Each structure stands twice: as C-alpha cells, then as structure tokens.
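Asker:
Numbering (my numbering), first residue to last: 5 to 420.
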C-alpha cells in the first residue's frame, strides 16, 4: 500500500510516450498530492483506502485546509469529514468553519448579484453573468459548490458610463483601471473592478472575455444571442450557453496556469463522455485553440485521473505546444506557496502574473495574427494611456514609456 501511495497522481501517459520528469506530481508537496488524490477518490478513479493511507503520512493539515480554500475545492469538505480516520479533529473543525463561511459568503454574493442584475435590467442594459454563482448552479445545481469570489458581468458595448453610474449609486467605488470617458462610449480595458465600500464584494464589468480578441472574440452580443438562464436566488440570471463553456473555461484556466484547481474540475464536469471530449476538441480547433484544449485534457487525466479517450491523450502527449503549456502550468503548483494567494507586491505574484502568465499567453495559441495583437497589447497598454496622455502624433512614444508607466502604477499601489 505505501508503495502505491508513493505513486499518487503520477503523470499517466500512453504507452511509448516520453515521460516528462519535471511534470511528475511527486514534485508537488504531500499536501497538494493529498488534495489531488481526494479529487480522484471522490471522482471514482482511486481506492478510498489510498486516501486514508496518505492522510497518515505526516501532512500539514493547516496547509491542506488553506489549499482547499485557495483552490476553490471546499466541496471536498463533506466527503472528507464523512470518511472516518482521515481528518484530525483540529483540521475538521477548521474545515467546518471554512465551509460555513463559504455558505454565508455565497448568500451575500447571491443577494448582491441579484441587486446588480436588476439595476442593469431596469436601465435597459444587456448583460451576461459568467463564472461564480451562475456557473456553480449550471454545473452542480448548487450555488455554494464553487468557492468563487467575484461577480463577473459581460455588458453590451457603449454602456460603460451608465454602468459606472449604476454601480457608484449602489455603493461601489472604482480603482483607476479603465475609467470610461464622459460619453461612456470608450471601450473598457477588458474589465473594470468595482469594490463595494461596505461588503467588500468585487464586481468586475467586462467588455470582452479576453484582452486579445484574436484569442477569443466572444463579446456580450455573441453571448446574449444563445444565452441560458439559471436561477440565482429569485432571479433568472442570463449566463453563458453550456456548449460554449468547455472552450471558455479551458482558455481561462490554461491562461492562468490552472492557478485555482476548481477551474480544472469545472472542465471535468463538462467532459463527462468520450463524445463530449470530441465535441469540445472540435469546437476548440475551429478557433485555433485545439492545443489549449489538449493541454486541459492532459492535466485532467494526469492530476485528476479523469477519463480521456486514448487517441486524444496520444495527440496531447505528442504535441510540443501541449508539453510547453504543461511545464508552465506545473510551475504554478510546485512552489512552497501553492496554497496561498500571492501577496500584492510579492515576487511570487510578479513571477506568476508577469512572467509565467505572459509566457502562457504566447504559447496558448500559435497564430501570427494573435501574436502580433498580443505584442501590440504588451507595447501599447491602455493603462499607460490613462496614466500618461500624449497627443495623437506622439502615440508612438507609448512603448518607450511602458517602464515609466509600470513603475508609476506600482508606486501608486504601494502608496495606496
């Protein structure tokens, strides 16, 4: 048994595929391996006795609890507590406390999501709410299953000024990232964050799903056309159609290195049959994102033991793009702070956000038009244009001023 436990969540590869030692999950901490094994066990991929054996291997249970919270996997709390001789009493108490806090926070987010949605509706603004509570209801029929944090709305274009006035009137204030112009017609800088002055709930208003439209061009009009509605409290909330979710969730998760493992589990729920895997891969390929989807499938199989058709796995392991994405994603989970949110000004946040995520941003779609657009976004930051206003004839200076803008924004963050 101990020998089998030592192989927990080791990368599985088709026969004849080259083993990638740097991706072996043994490089992860014992606590993260325990969580991955728990997902496998409750997903039916492993023997529950393995979990009991792993629990007795000297785990730091404070790290396990923090990891479950950080990665949005608090749904594992119930089966872990129901199983005997797995969770020590202090950790069990902490898990119950975190679960209760998540339930309260979910109710608060539901109330606030309904309040914001009704305000948009009364103003005649079309919107689609994504991720968070609607996705939790859509995938699990349980608003508290996903431990989401923010309220995300994709709004129709040209309504930024109205949305700003509505949210300000509801008690929100806005940081300096994407201030609408006086007419309210300027594009949003992908999203604007609004923080409630009392509840501290964050509402993110999106103009589009990704900064680079060449990656995924879906906007509110696209999502509205085939929207679904799910019950969020007493309100029928418009949300993204289920058939779009595999591509979107894979792009979102992969682009962030699956920094929260609940994104990968969401994908697992959607890929529940070989036919679902084929459909998702076909939809991704039509958008030039088949490499990203294959990467998502490879991580599902390797980390969660999820069943993926062998032919698809063989394609994934044969792809250089997938191997690169796999390596970059693994780096998000191999450091000692995998169970914590990176500090606001920490080196880890810079490494993950400015180095790893940017590298993934280029690797996720090997397309020249996409790369050109991505490079233009790197050189001409909308945040710099808001910080430093130049005449149209001097716009070519913005790439030169990027380091100045970056330092000025960091100085302002530290001052605030």
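Where a beta carbon is used, it is the ideal one built from N, C-alpha and C, also for glycine. Please read all numbers here as calculations on a predicted model, not as lab measurements.
Would you say residue 257 and residue 374 are within 9 Å of each other, going by their C-beta atoms?
Answerer: In this structure, residue 374 does not lie closer than 9 Å to residue 257 by Cβ.
Asker: Assuming contact is defined by CB atoms lying nearer than 9 Å, are residue 368 and residue 309 in contact in what I supplied?
Answerer: No, Cβ-Cβ distance for residue 368 and residue 309 is not below 9 Å.
Asker: Can the beta-carbon of residue 47 be found less than 9 Å from the beta-carbon of residue 272?
Answerer: Yes, Cβ-Cβ distance for residue 47 and residue 272 is below 9 Å.
Asker: Assuming residue 73 is part of the alpha helix (DSSP H), what are its boundary residues?
Answerer: Looking at the DSSP string, the run of the alpha helix (DSSP H) that includes residue 73 is 65-74.
Asker: Which of the three DSSP states is assigned to residue 35 in this structure?
Answerer: Three-state result, residue 35: helix.
Asker: Alpha carbon to alpha carbon, how far is residue 147 from residue 138?
Answerer: The alpha-carbon atoms of residue 147 and residue 138 are separated by roughly 7 Å.
Asker: For residue 235, which residues from the same chain have a beta carbon less than 7 Å from its beta carbon, with the 5 sequence-adjacent residues on both sides left out?
Answerer: These residues qualify, in order along the chain: 141.
Asker: Do the CB positions of residue 356 and residue 263 come within less than 9 Å of each other?
Answerer: Contact flag set, yes.
Asker: Can you tell which of 216, 144, 315 and 74 has its C-alpha closest to the C-alpha of residue 274?
Answerer: Checked all of 216, 144, 315 and 74; the closest Cα to residue 274 is 144.
Asker: With a Cβ-Cβ cutoff of 9 Å, do residue 32 and residue 338 count as a contact?
Answerer: For residue 32 and residue 338, yes; Cβs fall inside 9 Å.
Asker: Taking three-plus beta-carbon pairs below 8 Å as touching, is the stretch 121-129 in contact with the stretch 68-81?
Answerer: No, the stretch 121-129 does not touch the stretch 68-81.
Asker: Answer yes if the stretch 326-342 comes into contact with the stretch 32-42, meaning at least three C-beta pairs across the two stretches below 8 Å, and no otherwise.
Answerer: Touching, per the Cβ criterion.
Asker: DSSP beta-bridge partners for residue 124?
Answerer: Answer by DSSP bridge pairing: none, since residue 124 is not bridged.
Asker: Do you know offhand how far residue 16's Cα is from residue 40's?
Answerer: Per-residue confidence for residue 16 stands at a pLDDT of 44, beneath the threshold of 50, marking its modelled position as unreliable; the derived number appears in the next sentence. Whole-angstrom Cα-Cα distance: 14 Å.
Asker: Output yes or no for whether 9 Å exceeds the beta carbon distance between residue 129 and residue 244.
Answerer: Their beta carbons are not under 9 Å apart, which means residue 129 does not touch residue 244 by this criterion.
Asker: What is the DSSP secondary structure of residue 159, reduced to helix, strand or coil?
Answerer: Residue state, collapsed to three classes: strand.
Asker: Using only CA atoms, which one of 87, 45 and 37 lies nearest to residue 67?
Answerer: If we check each option's Cα against that of residue 67, 37 comes out closest.
Asker: When you measure from the CB of residue 98 to every non-hydrogen atom of the ligand FMN, does any distance come out below 8 Å?
Answerer: Absence of the ligand FMN from the depicted structure is noted, as is the absence of any ligand whatsoever, leaving it without description.
Asker: Taking the alpha-carbon positions, what's the residue 69 to residue 382 distance?
Answerer: Answer to the nearest angstrom: the Cα atoms are 37 Å apart.
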